[in-house]
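**Q** So in numbering that gives the first Met the number 0 the end of the sequence shown lands on 410, straight run, no missing numbers. From the three backbone atoms N, C-alpha and C, an ideal C-beta is built for every residue, glycine too. Submitted below is the structure of interest, expressed as structure tokens.
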Amino acid sequence: MYEYIMVRYGDLILKGKNQHIFRHNINNQIAHKMYGLNVEIEFQHDLVFIKLNDTDPMDVIERLNFISGLSSYSKTVKCAYDLDEIADKSIALLKHEVHAKTTFKVETKRADKSISLKSFEISNLVSKKVLRAVENLVVDVKHPETTLNIETRLDGTYIYTKKIPGMGGFPTSTGGRAMLLVSGGIDSPVAGYLTMNTGLEIECVHFESSPLTPVESVQKVIDLVTVLSRYAPSSKIKLHLVPFREIHEMILKEVPESYIITIMRRMMYRLAEILAKKNSCKAIVTGDSIGQVASQTLESLITVQAVVSSLVIRPLSTMDKSDIIKIAKKIKTYPISSRPFSDCCTVYVPKRPVIKPTSERAEIFEKAFDYQKFLKIAIKETITVEINERKPLNIIDKGFSVGEIFKSENN
Ligand code: ATP
Ligand code: MG
Numbered sequence: 000m001y002e003y004i005m006v007r008y009g010d011l012i013l014k015g016k017n018q019h020i021f022r023h024n025i026n027n028q029i030a031h032k033m034y035g036l037n038v039e040i041e042f043q044h045d046l047v048f049i050k051l052n053d054t055d056p057m058d059v060i061e062r063l064n065f066i067s068g069l070s071s072y073s074k075t076v077k078c079a080y081d082l083d084e085i086a087d088k089s090i091a092l093l094k095h096e097v098h099a100k101t102t103f104k105v106e107t108k109r110a111d112k113s114i115s116l117k118s119f120e121i122s123n124l125v126s127k128k129v130l131r132a133v134e135n136l137v138v139d140v141k142h143p144e145t146t147l148n149i150e151t152r153l154d155g156t157y158i159y160t161k162k163i164p165g166m167g168g169f170p171t172s173t174g175g176r177a178m179l180l181v182s183g184g185i186d187s188p189v190a191g192y193l194t195m196n197t198g199l200e201i202e203c204v205h206f207e208s209s210p211l212t213p214v215e216s217v218q219k220v221i222d223l224v225t226v227l228s229r230y231a232p233s234s235k236i237k238l239h240l241v242p243f244r245e246i247h248e249m250i251l252k253e254v255p256e257s258y259i260i261t262i263m264r265r266m267m268y269r270l271a272e273i274l275a276k277k278n279s280c281k282a283i284v285t286g287d288s289i290g291q292v293a294s295q296t297l298e299s300l301i302t303v304q305a306v307v308s309s310l311v312i313r314p315l316s317t318m319d320k321s322d323i324i325k326i327a328k329k330i331k332t333y334p335i336s337s338r339p340f341s342d343c344c345t346v347y348v349p350k351r352p353v354i355k356p357t358s359e360r361a362e363i364f365e366k367a368f369d370y371q372k373f374l375k376i377a378i379k380e381t382i383t384v385e386i387n388e389r390k391p392l393n394i395i396d397k398g399f400s401v402g403e404i405f406k407s408e409n410n
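Written as structure tokens, this is what we have:
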């Protein structure tokens, strides 16, 4: 039935001095994501048309759903600018889509202004023919459930009824790069998705404490980043795995219980900042949400952030947990995050964490050990894997311990 998918950019992408860059970037992404499908892509100034040939429109739409910066798409049919042809195509489309009573109107948009008839005249003429031929249509021009849209353009007339919402936001990678701290929880992958949706590319860092934590918790992070990689322009994301066990054990041994989480976080931020700078990332992103737990009070966040000079972005900072979960379900990270494996922050949870820590006290406790030396070793032993949705990495099937992944990736 359908011949084209009409793809609309977000409004802002077509305005201002960056529109050139935005459009170029998003067009490349569309071409990349359509890889392997028998489609042809026609880029026009304000829209993109994907000619389906024999491809299932849903296969195309599923892929478009991973591209940030697209506002909506429509499954369309196309014909010449000829009223009889337009009416025939409209009738066929409505017979295909309408199976029960629905209120209805026709709306025409003329991008081709050389056409002599006015928009409302085209709508009226087509409407008459359509109402005669298609059952179940009841005219309601104010609040119709079904709108038949006719768009006359220089290259032909496109007809459709529905606008399917896209991701919105800005094209990923037009805003620079940020380093996302990913744990195996619900929040950080959502923070990553929102970051990409605002136009930033991400790299990920995970601090892993095996064998204190099971290898499954690293697999969980790999699987979460694999889901996120589908939103990356290249369908790939770098994941830096930092061996954190020694630092973790040292903290457990040297630091009073109430400050364990605070100091663990401060070490993570220090390491994340070093890696961010090494990899030209301009900011650090976390999944913190204010007030969720003791480590996310304002005082805790201030005390942790004090150890870095980087910009720290917290996309979820004021969000409600239920809204975060909704996004996690939509982007399909939720079932992965819900697997029951502990990460380094859940393996040892102090009974009474400090609610209002201070940097001064944290510094006193940190003086008890030469953490700089351990940070250097952790950075040196960090391995970077490229996560690619087209080539999923399964370390459990390979029977790897985390140490062995480190060895195999380094060789
Ligand atoms: P999440 O669901 O993302 O784990 P959370 O609500 O469980 O978040 P915390 O465990 O307090 O919160 O972690 C807060 C943030 O710190 C996380 O969102 C993440 O960005 C970062 N973080 C925590 N643990 C790790 C880790 N092991 N590796 C990398 N980042 C981490
Ligand atoms: Mg967590």
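Hey, how far is the Cα of G167 from the Cα of I60?
**A** One C-alpha to the other measures close to 14 Å.
**Q** Over what stretch of residues does the alpha helix (DSSP H) that includes V226 continue unbroken?
**A** Here the alpha helix (DSSP H) through V226 covers V214 to S228.
**Q** At which residues does the alpha helix (DSSP H) containing Y192 begin and terminate?
**A** Here the alpha helix (DSSP H) through Y192 covers D186 to N196.
**Q** Residue range of the alpha helix (DSSP H) that R109 falls in?
**A** Unbroken run through R109 is the beta strand (DSSP E), T101 to R109; no alpha helix (DSSP H).
**Q** Can you name, in chain order, every residue of its own chain whose Cβ lies under 7 Å from the Cβ of S71, other than the five neighbours on each side?
**A** R7, K162, I163, P164 and G165, listed in sequence order.
**Q** Among residues of its own chain, excluding the 5 on either side of N410, which ones have a beta-carbon nearer than 8 Å to its beta-carbon?
**A** Because N410 carries a pLDDT of 45, less than 50, the predicted location of this residue cannot be relied on, and the following value inherits that uncertainty. Cβ within range, chain order: n/a, list empty.
**Q** Could you check which residue in R152, L147 and L136 has the C-alpha nearest to that of L46?
**A** Nearest C-alpha to L46: R152.
**Q** Taking its Cβ as the centre, do 16 or more other Cβ atoms sit within 10 Å of D319, making it buried, or is it exposed?
**A** Its Cβ having fewer than 16 others within 10 Å, D319 is exposed.
**Q** Give, in chain order, every unbroken run of the beta strand (DSSP E) that is at least 3 residues long and sits entirely within the segment 118-182.
**A** Entirely contained in the segment 118-182, the beta strand (DSSP E) runs reaching 3 residues are, in chain order, 136-138, 145-152, 155-159 and 176-180.
**Q** I'd like to know whether the C-beta atoms of L223 and I335 end up nearer to each other than 8 Å.
**A** Result yes, Cβ atoms of L223 and I335 sit closer than 8 Å.
**Q** Would you mind reading off the limits of the beta strand (DSSP E) that contains K237?
**A** Segment K235 to P242, the beta strand (DSSP E) holding K237.
**Q** Skipping 5 residues on each side, what residues in its chain have a beta carbon closer than 6 Å to that of N278?
**A** Here the set comprises E202.
**Q** What separation, rounded to the nearest whole angstrom, lies between the Cα atoms of D58 and N196?
**A** Going from the Cα of D58 to the Cα of N196 covers about 21 Å.
**Q** Helix, strand or coil for A282? Go by DSSP, reduced to three states.
**A** A282: strand per DSSP, three-state reduction.
**Q** Run the proximity test for I186: is its beta-carbon closer than 7 Å to any non-hydrogen atom belonging to the ligand ATP?
**A** Reading the sequence as shown, one finds Asp at residue 186 and not Ile. It does: the Cβ of D186 is within 7 Å (strictly closer) of some heavy atom of the ligand ATP.
**Q** Secondary structure at N410, three-state DSSP: helix, strand or coil?
**A** For N410, the pLDDT reaches just 45, beneath the cut-off of 50, and the residue's location in the model is therefore unreliable, leaving the point undetermined.
**Q** Decide if I363 is buried, meaning its Cβ has at least 16 other Cβ atoms within 10 Å, or exposed.
**A** By the 10 Å Cβ count, I363 comes out exposed.
**Q** Which residue's Cα is closest to the Cα of R244: T381, F65 and D396?
**A** Among T381, F65 and D396, the Cα nearest to that of R244 is on T381.
**Q** Once you ignore the five residues that flank R229 on each side, which residues in its own chain have a CB closer than 8 Å to its CB?
**A** Excluding sequence neighbours, R229 sits near F65 and E388.
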